[in-house]
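10 is the number of the first residue of the sequence shown in the working numbering; add one for each residue after it.
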Amino acid sequence: LPVACFLPRSSSRVQLLVAAPSSQLMAGPLLLPLIAHGWLAAPRAPPLPAMCSRRGGAAVMVDAFVLDRLREMRKVHDELGAQLEDPAVQANVEEMLRVSRERSKLDSTVEALAEWESLEQRLEEGKELFNEEDAELREMARAEIREVEEAMEALDGRLKLLLLPTDPNDDKNVMFEIRAGTGGDEAAIWANDLLSLYSRYAQSQGWQSRVVSASDSDAGGVRDATLEIKGESVYSKLKFEAGVHRVQRVPATETQGRVHTSTATVAIMPEVDEVAVEIKPGDIEMHAARSGGAGGQNVNKVETAIDLTHKPTGIRLFVTQERSQLKNKELALQMLRAKLYQMQVEEQQAAVASQRKMQVGTGSRSEKIRTYNYKDSRCTDHRLGSNFALDGVLTGQIEPIIQQCIALDEQERLKELGLDQ
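Below, the structure written as structure tokens:
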């Protein structure tokens, strides 16, 4: 049965609270006399679900600035679509491919924005339905509003990430350089271990990798090595591996069982088109040389290797990977372009003095990013402040580390834009 309670509000007003089990009809007889005398004001509807009032309401969860920028990106997407219909663009294959690539980069942004706008419309419809007198309709509206707000909250983060500018090098292949650091022969052995680690990781990602240059160490490792890695979005992941990699372990040559600390340096250089970096012929000193080493009729007989020096920077490359002098020359110039481009990028980044923790793609030689501790079977990433199982990391299972680095970088960039709230 319904229960009624009169609460005094003033000398001329009272508040009537009616609690009925489920049906409004059972409370109706209590209200009819009051309505007949004109004493009953319009009943107050229950409040909207709690989520609706958070942060000013789900409909304003995304800042107006974010939505405006996303709509501008959608406008660019539409304009690029119109260009694809232009006969002049269709007649130029290269231009058509360029426009198609640019438009496809915005596809996910347009789809996410359309999803947000659809949720906004559903939210407004739910609010209108909630104002209906029917209790069942209001309960349906309550459930709909809660479901929509949860979806909008999840989409909120995605929309902000889509607003972040993309690195123009993310889709490029890379020259992956590993150099032995402090630690003598043990550092060279460690550099060789890293070479194996990243070769395995590249294989796990479906990328193609090959050693294009290497200088062996007498102890069995490598003083330096360069991998060419090709595949989908190679630079977007490997750019987080640039820096100093420190190892703490007992070397095979250590007779006292003491733990040694050695380092190796990793530098990531995106492949560069010829037009992006100008190399003057007078700045290059190039000689043919014999490859050296074992195997093959050409070895030590035909001068197929290329010894290239870039005089302004002092960069020297000795390339022996290919079996013809012409191909080794092309490869040496490709490696030189990548190195010069990376130097330009580092100079630009130093000029703006970015304070971001990740220092994406700087390849800074002084930045110790990771420690590999054999005694404790632990790999520590100092940027993340997290530990990982060493055995898995050494076999190339570094995808979880890279994904966490990507997430941290996104958070840092959102803070720079003031969108981290």
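The C-beta atom is built at its ideal place from N, Cα and C for all residues, glycine as well.
Computed from a predicted structure; not experimentally measured.
- Leu-203 is positioned such that its CB atom lies no closer than 9 Å to that of Thr-404.
- With fewer than 16 other Cβ atoms inside 10 Å of its own Cβ, Ser-242 counts as exposed.
- Within the region 103-141, the complete alpha helix (DSSP H) segments of 4 residues or longer fall at 116-139, listed in chain order.
- With the rule of 3 Cβ pairs closer than 8 Å, the region 152-168 does not count as touching the region 393-403.
- With three or more CB-CB distances shorter than 8 Å, the region 243-258 counts as touching the region 172-181.
- In this chain, the beta strand (DSSP E) harbouring Ala-297 covers 293-298.
- Burial state of Val-256 is buried, judged by a 10 Å Cβ sphere holding 16 or more other Cβ atoms.
- Three or more beta-carbon pairs separated by less than 8 Å are not found between the region 251-266 and the region 165-179, which leaves the two stretches without contact.
- Within a 10 Å sphere around the beta-carbon of Glu-237 sit 16 or more other beta-carbons, which makes this residue buried.
- Using a Cβ distance threshold of 9 Å, Gly-240 and Asn-201 do not count as a contacting pair.
- Judged by DSSP secondary structure, Tyr-207 falls within the alpha helix (DSSP H) whose first and last residues are 194-213.
- Gln-412 and Leu-399 have their alpha carbons spaced roughly 17 Å apart.
- Under the DSSP definition of a beta bridge, Asn-396 partners with Thr-389.
- In the three-state reduction of the DSSP assignment, Lys-320 falls in the coil class.
- Ser-222 is not a Cβ neighbour of Ala-211, given a cutoff of 9 Å.
- Between Leu-342 and Ile-277, the C-beta spacing is not below 9 Å.
- DSSP places Gln-420 in the uninterrupted alpha helix (DSSP H) bounded by 408-426.
- As DSSP reads the structure, Arg-325 sits in a beta bridge with Thr-318.
- For the pair Gly-215 and Cys-414, the Cα-to-Cα distance works out to about 21 Å.
- Between Glu-195 and the set Ala-97, Pro-321, Ala-273, Glu-111, the nearest pair of CA atoms involves Ala-273.
- Contact between Arg-219 and Val-281 does not hold, since the beta-carbon distance rounds to 18 Å and is not under 8 Å.
- Membership of Glu-153 in the alpha helix (DSSP H) is indicated by the continuous run 144-172.
- Counting only residues of its own chain and dropping the five nearest sequence neighbours on each side, Phe-327 has a CB closer than 6 Å to the CB of Asp-316.
- Here Thr-264 is not bridged, per DSSP, to any residue.
- With a cut-off of 8 Å on Cβ pairs, the region 84-91 is in contact with the region 108-118, counting three or more such pairs.
- Gly-135 counts as buried, since at least 16 other C-beta atoms from the protein chains shown sit within 10 angstroms of its C-beta.
- The DSSP-derived three-state label of Ser-242 is coil.
- A distance of 9 Å or more separates the beta carbons of Gly-193 and Thr-270.
- Separation of the CB atoms of Leu-128 and Leu-164 is rounded to 7 Å, and the pair is thereby assigned contact status at 8 Å.
- Here the alpha carbons of Leu-79 and Ala-73 stand approximately 10 Å from one another.
- The secondary-structure analysis by DSSP pairs Phe-185 across a beta bridge with Leu-236, Ile-277.
- Lys-377 has Val-253 as its beta-bridge partners, per DSSP.
- In this structure, DSSP gives Ala-341 a helical state, which the three-state scheme calls helix.
- Residue state for Arg-332 is assigned as coil, using DSSP reduced to three classes.
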